[in-house]
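Scroll down for the structure; my scribbles are underneath it.
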Amino acid sequence: MKVENVFHMLKKPHLIRSDSTLIRDAAFSNGSSESYVSFLQPSRIMRYSALLVPILWYICLFLSALGLYLGIWVAPSDFQQGENYRILFIHVPSAWMSVLLYFLLTLTSAGFFFNKHPIFIYGSRILCAIGALFTCLTLLTGSLWGKPMWGTFWVWDARLTSVLILLFIYLGAMLLYKWSPDVAPLFVFIGLLNIPIIKFSVNWWNTLHQPSSISQFGTEIHISMLVPMNALFFQFLLLVFLLFLLELRREIHNRTINSLVQSFPMVPNLKSRNKLSSI
Numbered sequence: 001m002k003v004e005n006v007f008h009m010l011k012k013p014h015l016i017r018s019d020s021t022l023i024r025d026a027a028f029s030n031g032s033s034e035s036y037v038s039f040l041q042p043s044r045i046m047r048y049s050a051l052l053v054p055i056l057w058y059i060c061l062f063l064s065a066l067g068l069y070l071g072i073w074v075a076p077s078d079f080q081q082g083e084n085y086r087i088l089f090i091h092v093p094s095a096w097m098s099v100l101l102y103f104l105l106t107l108t109s110a111g112f113f114f115n116k117h118p119i120f121i122y123g124s125r126i127l128c129a130i131g132a133l134f135t136c137l138t139l140l141t142g143s144l145w146g147k148p149m150w151g152t153f154w155v156w157d158a159r160l161t162s163v164l165i166l167l168f169i170y171l172g173a174m175l176l177y178k179w180s181p182d183v184a185p186l187f188v189f190i191g192l193l194n195i196p197i198i199k200f201s202v203n204w205w206n207t208l209h210q211p212s213s214i215s216q217f218g219t220e221i222h223i224s225m226l227v228p229m230n231a232l233f234f235q236f237l238l239l240v241f242l243l244f245l246l247e248l249r250r251e252i253h254n255r256t257i258n259s260l261v262q263s264f265p266m267v268p269n270l271k272s273r274n275k276l277s278s279i
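Structure follows, in C-alpha cells:
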C-alpha cells in the first residue's frame, strides 16, 4: 500500500473501515471456506457483539439487583447457620459457573484441535481466565462460609481439593495456550476427568460437604432461597458472555491494528525530513 493511498484513505473514513474489515478477517483466517467458519469472521463478531454488549449490561444489572435484594432482604434466616448462609447465594452460582465454563473450554479447545481457527484459541484463552476467576471466587466464598461453620478456612476435603485442582488446571491451560497452543487442547481433555470427581465426591467419600440439594428429581431448597440463587446464576451466566465478548473484541482490535500497521510502509520521520529539506 503506497503512502499517497494512505492519505487518500484518511480523507475518506469509509475506505478505512472497509479496508480494515478485510485485513481483520484475513488476520483471523485459516484458509477454510466452511460456512460455520465464515460465521466466525471477526467483522461479523464485531458487528453483532456491538449490539449485544449494551443489552447484556442492562440485563446483568437487573438480575444482580434482583438476586441480591431477594437474597439479602427477602430470604429468611437459616435456623442453623443464621445470616452466614447468605454468602451461599454467591458461592453456589460461582461453583456452577466454574464447572460450566470448563465444558465451554472443552468445546473451544476441540474446535481449535480439529480446525485450528484463530478465534478458537483466543476464545479458549479468555475462557481459561474467566474460569480461573470464578474458581477463585468459589474457593474464597467457600472459605468465608466454612470458617464459622467448620472452625477453619480450609480443610483437605474431597470437594475442596478437587475444586483447587480445577483452578490449577485452568492456570495450566492458560499457560499452555500461550506457550504451546497445539498441546493445550490435549491438556484440557485430560483435565475433563476432574469434573465428575467434583460432582460426585460428596457421594464417593465422606466429606464435610452435604450431598447435592438440587437434582433432576427435585430440590430440597426453599423457593425463597432458590429464586435469588438462580437469579444470580443467570446473572453470572450473562456476565461471562459479556466479559467474553468484550475481551474478544479487544483481541480483534489489537490484532487488526497490528495487521494495519504491518500493511503500511514506514513513513519517514518528520524531523529527518525537515533536516534534509534545510540542506
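Start counting the sequence shown at 1; every next residue gets the next number (the UniProt record's numbering).
All C-beta atoms in this analysis are idealised placements derived from N, C-alpha and C, irrespective of residue type, glycine included.
Since we're looking at a predicted model, the values are computed, not measured.
Residue(s) in a DSSP beta bridge with residue i
i, result
"D78", "G82"
Presumed contact (8 Å Cβ cut-off) between residue i and residue j, rounded CB distance
i, j, result
"T141", "V163", "Rounded, the Cβ-Cβ distance is 11 Å, inconsistent with contact."
"M174", "R249", "The Cβ separation is near 20 Å, so there is no contact."
"G67", "A231", "4 Å"
"V99", "I198", "6 Å"
"P228", "A75", "6 Å"
"G172", "F189", "In fact, because the Cβ distance is near 13 Å, the residues do not count as touching under 8 Å."
"I130", "L160", "Not quite, the Cβ-Cβ distance comes to about 21 Å (not below 8 Å), so this is no contact."
"L52", "L245", "6 Å"
Cutoff 6 Å; reference residue i; Cβ partners in own chain excluding five residues on either side
i, result
"L238", "L56, I59, C60"
"Y122", "E251"
"G191", "I169"
"I45", "none"
"P181", "I121"
Extent of the continuous alpha helix (DSSP H) to which residue i belongs
i, result
"H91", "88–115"
"G123", "118–150"
"L56", "42–69"
"S162", "158–179"
"V188", "184–191"
Proximal residues to residue i (C-beta, below 8 Å), its chain only, five neighbours per side dropped
i, result
"W145", "N84, Y85, I87, L88, H91"
"S35", "With a pLDDT of only 47 at S35, under the threshold of 50, the placement of this residue in the model should not be trusted; the figure read from the coordinates follows. Result list for S35: empty, nothing under 8 Å."
"residue 311", "The first residue shown for the chain is 1 and the last is 279, placing residue 311 beyond what the model contains."
"L63", "A231, L232, F234, Q235, L238"
"L70", "S224, V227, P228, A231"
"K147", "F153"
Cβ shell of residue i (< 7 Å), same chain only, five flanking positions each side left out
i, result
"F236", "P93, S94, M97"
"E247", "I126"
"L104", "L127"
"F241", "L56"
"S143", "F153, W154"
"D25", "Annotation note: pLDDT 49 at D25 (below 50); position unreliable, coordinate value reported separately. So the qualifying residues of the chain are Q41, P42, S43."
"T138", "H91, S94, A95, S98, V163"
"D78", "Y85"
"S224", "V74, A75, P76"
"I257", "none"
"I165", "N194"
"L243", "I130"
"T108", "F120, G123, S124, L127"
At 4 residues or longer, and completely inside the segment 215–249: list those alpha helix (DSSP H) runs for me, N to C. none
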